[in-house]
Structure formats: C-alpha cells, structure tokens
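In our numbering, the protein residues as written are 19 to 106. Glycine included, every Cβ here is placed at the ideal spot set by N, Cα and C. Down below is the structure, laid out as structure tokens.
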C-alpha cells in the first residue's frame, strides 16, 4: 500500500482556517514526514494551531512555515512545541 509522506501546500492561501484544518489532521496522522505550509498567510492563529498539533505528533521530521506573517505569539507557540516534540 502507498502512503502520503510529503505534503507541500506552499503558496495556496490556506490562511489561518486552513492551517487549523491541517493541524487537526496532523494531530492524528502517524505517517506524514514532511509538511510545507510556507507562503500561506497563516499568521499567529494558524501557527498556534499547528504548534498544538506538533506537541503530540511523532512522525513529522520537516516543517516549513516561512513567509506566513507569523508574529511573536505564533513563533513562541512553535518554539514551545519544539521543546516537547521529540522528532522535529
């Protein structure tokens, strides 16, 4: 069987709500290794949602969040998630 291990949604204008939807999926996904969400204008709200999902995700080894208008609150949430995520 084939599994999706790389997902690149860069530049798709998913915004914060799309990032929250991806975070919901990421929190239960156990096979995705690489997620690229760059240039989607997810902002702090989207970054916080992704960060929360990363706390329990054990498969993702690469995450791209560049060019998303993430401010201090979102960056802090991602940094805190990285402290508890053992694979990123």
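According to the DSSP secondary-structure assignment, residue 48 is paired through a beta bridge with no residue. By the neighbour-count definition (other C-beta atoms within 10 Å, threshold 16), residue 43 is an exposed residue. With contacts defined as CB atoms closer than 8 Å, residue 65 and residue 88 qualify as a contacting pair. Bounds of the alpha helix (DSSP H) holding residue 61 are 61-72.
Residue pairing of residue 82 in beta bridges, as defined by DSSP: 54. Note on geometry: alpha-carbon atoms of residue 91 and residue 59 lie some 15 Å from one another.
Remark: C-beta atoms of residue 46 and residue 21 do not approach each other more closely than 8 Å.
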